[in-house]
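Before any comments, here is the structure.
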Amino acid sequence: MADAVLSRPAASQAPVEVLKVETLADRQRRRRRLVSGLRLAVLVVLLGGWEGGVEAGLIDPFFFGQPTAIAAKLAEWVRDGTSIGPLWLQVWVTIYEAGAGFLIGAVLGVLCGIALGRNALLADVFSIYIKVANSIPRVVLGSIFIVALGLGAPSKIALAVVMVFFVVFANAFQGVREADKNLIANAQILGASGWAITRAVVVPSALSWILASLHVSFGFALVGAIVGEFLGARQGMGLLIATAQGAFDANGVFAAMIVIAVVALAAEGLLTVLENRLLSWRPEKTAGE
Amino acid sequence: MSAVELQGVARRFVTPTGAVLSALEDFDLAIRPGEFMAIVGPTGCGKSTTLGLIAGLARPQAGSVRLFDAPVTGIDRRVGFVFQQDAVFPWRNVLSNVSAGPLFRGEKAQAAEERARDWLLRVGLKGFENHLPHQLSGGMRKRVALAQTFINSPEILLMDEPFSALDVQTRELMQEELLQLWSQNKAAVLFVTHDLDEAILLADRVAVLTSRPARVKSVHTIDLPRPRAIATLRYDERFIAIARTLADDLREEVMKARAAH
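Top to bottom, those sequences are chains U and E.
Sequential numbering of the first sequence, starting at 1, is according to my numbering.
Sequential numbering of the second sequence, starting at 1, is according to my numbering.
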């Protein structure tokens, strides 16, 4: 009797459990499909509305462009090149300027952030100047760099460096300051001295801050390069936009925007790979809590 | 000669409001080489501050702190420290956490790794060499911390409520493990805890501190024989008698501390 009572719920529960797990997995899959479907629908509605609005005469394509015309423009650029030269060259010039500015700015930012984060006197002396410099809209420095460094790449790289430096610096500085006091004390007692502490504790714990800032700051590097090209250049995506603007070519501006967005997304992807590689010691986000 | 000797030590802090807060005042304590000393006291009475002074992480405003008759001038290589919170490096795997000390102290990488493997075996973590700290349970992380500290063969071992975050069963296991490791290493231990039972189970002598500013109120000798069986000792009559005396002693201070808050 007791046996029957004990075993029956177990026997009848098991298949129910399995069923539940299956439906849960199914539900997740169905939800994922729903989300991608809705995303696609939003895109179709937006682009279709835009295109339809132009066809219906509600949107003036002279000012706001037209999706099909933008696509045609992109195809033309890829096939025949742009008015200022082949498309890949413009893209490459901008990537080069933004990339070089990003690398220089990030390295300088990390070095200065760690140096000031580890030295209270330096931090107290320089923090006021950094706050001031950070509050100035740095894009206006572009004009000075063009005058001083000319129309070539150096002026754009300099602007990108300035854009990137402060973001990375502020994060590296904060990351160093936030390093766990217990971990530092532990390293000291285990036998680490000044430089070993920086290398073994401070830099690894600041790394997640630094990498987070790199995501934001590549965008800033692109802005720096493009604004620099806008202000005066012989090549680059910024010049391409400025040229399209001069020709009242709204489709050209949008097409250039799409190209830049692709570049930014690709860089973002690379940075995410780098971040996952460097921070592989962190617990999985989904596993926590 | 004492392994650790504090004489007339004072340690004061300035609070954000500008008031001076005295954590320790006129503090005297001596620990003999190879002795296991526990200190208990009301919360926030300055137990951890004491450890920081001995470790050389902080300086006293008055009095002297001496290790083996030499004044503390900085972090001493003979000192080991087990922290209350996890202080293992989260980005290093278990093996590299344990070999960190020898590497910081200039040992060759291969020798350090070999010794670390030996220590992992001793604390029962063989097979977890490549695990990251977040993949381990709280008890296992404590074992890593113990191995990390013992591999440097400390002559003075400071422990700041090391097992307070563990569940009761794990804590008992870790206490037994600690006594076993210590019986081979024979360091002078200063073990801070707020758990009176833990203090009695582990220590040769227990110092009861007063509420802030902390002084040593009384020192009790725990004459329970070693090796001690942690799991059963707490039901022993002698243990209960000692616990009762100590609890009365401590309660006074806890009441005083509560009245002050």
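Glycine residues also receive a C-beta, built at the ideal position from the N, C-alpha and C atoms.
- With a beta-carbon spacing of about 21 Å, leucine 250/E and arginine 228/E fall beyond the 8 Å limit used to define contacts.
- Per the C-alpha coordinates, the member of His194/E, Ile75/E, Glu252/E, Leu224/E positioned closest to arginine 105/E is Ile75/E.
- Listed in chain order, the non-local C-beta contacts of glutamine 7/E below 7 Å within the same chain comprise Asp28, Gly63, Ser64, local neighbours out to five positions each way being set aside.
- Taking a beta-carbon distance threshold of 8 Å, phenylalanine 150/E does not count as an interface residue toward chain U.
- Straight across, the Cα-Cα distance linking threonine 210/E with aspartate 26/E is about 12 Å.
- Distance between arginine 30/U and valine 164/U, taken at the CA atoms: about 42 Å.
- The three-state secondary structure of histidine 220/E, taken from DSSP, is strand.
- Under a criterion of Cβ atoms nearer than 7 Å, the residues of chain U adjacent to glutamine 85/E are, in order, Asn182.
- By the Cβ neighbour-count rule, phenylalanine 218/U is buried, with 16 or more other Cβ atoms within 10 Å of its own.
- If you check the CB distance, glycine 224/U and alanine 160/U come in under 8 Å.
- Of Met140/E, Val192/E, Arg11/E, the smallest CA-CA separation from isoleucine 39/E is found for Val192/E.
- Annotation: isoleucine 114/U has no Cβ neighbours in chain E at a cutoff of 9 Å; minimum Cβ distance is about 16 Å.
- Here DSSP, grouped into helix, strand and coil, assigns threonine 198/U to helix.
- For phenylalanine 191/E, the enclosing beta strand (DSSP E) stretches over residues 188 to 192.
- Secondary structure of glutamine 235/U (DSSP, three-state): coil.
- By a beta-carbon distance limit of 8 Å, leucine 279/U does not contact alanine 100/E. Their separation comes to about 19 Å.
- Within the stretch 97 to 135 of chain U, complete alpha helix (DSSP H) segments of at least 4 residues are found at 120 to 135, given in chain order.
- Distance check between leucine 74/U and each of Pro283/U, Asn276/U, Ala266/U, Val253/U places Val253/U closest, using alpha-carbon atoms only.
- Residue burial annotation: asparagine 276/U is exposed, with fewer than 16 other C-beta atoms found within 10 angstroms of its C-beta.
- Boundaries of the beta strand (DSSP E) around glutamate 25/E: 20 to 31.
- By the Cβ-count criterion, tryptophan 195/U is exposed, with fewer than 16 other Cβ atoms from all chains shown falling within 10 Å of its own Cβ.
- Secondary structure of phenylalanine 248/U (DSSP, three-state): coil.
- The closest CA to that of proline 225/E, considering only Arg205/E, Pro213/E, Lys217/E, is found on Arg205/E.
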